[in-house]
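What follows is one structure encoded as structure tokens, with my remarks underneath.
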Amino acid sequence: MSDLWNGYGFGGAFGASRFGRRVIKPVLKLFVLGVVIAGLIYTYVVLNAVRERSQARHVHTHSTH
């Protein structure tokens with residue numbers, strides 16, 4: 003457990019055991035990959051929404067007469 007706090011991350015703590023090398027490390031890698039992909043999708047959706055809202059309006063919101 004002290005390996006986690008010394009800056010070695012999960013690789014040093016779980017890599018010492020056979021179970022850690024075979025199961026936990028690939029699961030953590032898949033989790034991190036999923037978080038990165040979800041972050042990219044979220045960024046795309048938010049930036050797309052901002053871009054659509056910042057375009058010039060084709061229909062005026064009120065009339066002057």
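Residue numbers for the sequence shown, in the working numbering: 3 to 67. Quick reminder that beta carbons are idealized off the backbone N, C-alpha and C, glycines included.
C-alpha gap between residue i and residue j, whole angstroms
i: T45; j: V34; result: 16 Å
i: N50; j: G41; result: 14 Å
i: V37; j: L30; result: 10 Å
i: R24; j: I39; result: 23 Å
i: G9; j: P28; result: Interpretation of G9 is limited by its pLDDT of 48, a score under 50 that renders its predicted location unreliable; the figure taken from the coordinates is listed afterwards. So the alpha carbons of these two residues sit roughly 20 Å apart.
i: V48; j: R55; result: 11 Å
i: I26; j: I43; result: 26 Å
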